[in-house]
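Residue numbers (the numbering used here): -8 to 275.
Have a look at this one:
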């Protein structure tokens, strides 16, 4: 990482059945005046990196299970958006187009001309916007448990209400109560394991993310995304109803739709099942 003081690589939690994996080195880099907390696994020289963009409120550690399940020679880049995790909040919220521009600047800092991009849930908004703004820098696109922003088939009002605050990150008991409706299709133990990695969330940063999402939609411009795209969704996902995956698959010119039997965070609770689906798509 240019101009970035790295901490030693952190590894996946010990598992007697699996070797530990290098999850990348962490540090801070300034992009267009924003200090971003970044984790970078360089992988094998010459391979195209995979950028992972997180769900709303989630810090980069949230994605550890997926990174651990991927090919260790695949370069992986992930970062906390401003206001989340280790990245300070900006003085005003950034729109999706601004966040996509920020990602482009981060790739410049890391020396990458082109990248594959995966967006999970809220992060799918940045991923779609990046592919629209920077088609020449987008290799393959993976849209996981995500939708089209303000114009899509919405979740039930009771689910949306629980997603309006970061309380599930900061209150384990509340997460257990809310999770019965939000994380259908996932075991409570598996969800707890994923959330145990995430940092607490400040309301301001979470609000900024909500504003970015509510002021954006990709619905009318999906046909203009030229990148080969994997649309991966859980059949039981109550946050992003599965019909949205079918709509996106129909509108995207080069799409592959893969549905699994889990819920909203299935790619993190069962990465060894869904990681190979992603790997196969990226390596075609």
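The beta-carbon is built from N, C-alpha and C at its ideal position, and this holds for glycine as well.
{"Item": "Ordered list of alpha helix (DSSP H) runs contained in the region 187 to 250, each at least 4 residues", "Value": "194 to 205, 234 to 242"}
{"Item": "Helix, strand or coil at residue 134 according to DSSP, with G and I counted as helix", "Value": "strand"}
{"Item": "Residues of its chain near residue 275, where Cβ-Cβ distance is below 7 Å and the 5 sequence neighbours each way are ignored", "Value": "none"}
{"Item": "For residue 247, the nearest candidate out of 230, 218, 262 (CA to CA)", "Value": "218"}
{"Item": "Alpha-carbon spacing of residue 127 relative to residue 107, whole angstroms", "Value": "11 Å"}
{"Item": "Same chain only: Cβ atoms within 6 Å of residue 56, ignoring 5 sequence neighbours per side", "Value": "259, 262"}
{"Item": "Inter-residue Cα distance where the pair is residue 237 and residue 32", "Value": "33 Å"}
{"Item": "Residue 234 burial status per 10 Å Cβ neighbour count (16 or more: buried)", "Value": "exposed"}
{"Item": "Residue 69, enclosing beta strand (DSSP E) - first and last residue", "Value": "67 to 70"}
{"Item": "Whole runs of the alpha helix (DSSP H) within the region 62 to 131, excluding any shorter than 4 residues", "Value": "87 to 101, 114 to 124"}
{"Item": "N- and C-terminal bounds of the alpha helix (DSSP H) containing residue 150", "Value": "148 to 154"}
{"Item": "Residue from 123, 45, 88, 231 whose Cα sits closest to the Cα of residue 186", "Value": "45"}
{"Item": "Whole-Å CB distance - residue 206 paired with residue 86, under 8 Å assumed", "Value": "6 Å"}
{"Item": "C-beta contact flag for residue 177 and residue 149 at 8 Å", "Value": "no"}
{"Item": "Bridge partners - residue 16, DSSP secondary structure assignment", "Value": "31"}
{"Item": "Own chain, CB closer than 8 Å to residue 153, minus 5 neighbours either side, in chain order", "Value": "159, 169, 172, 173"}
{"Item": "Reduced DSSP category for residue 255 - H, G, I as helix; E, B as strand; rest coil", "Value": "coil"}
{"Item": "Between the CA atoms of residue 78 and residue 141 - distance to the nearest angstrom", "Value": "26 Å"}
{"Item": "Other residues of its chain near residue 195: CB distance less than 7 Å, five sequence neighbours each side excluded", "Value": "74, 80"}
{"Item": "Residue 42 in three-state terms, based on DSSP", "Value": "strand"}
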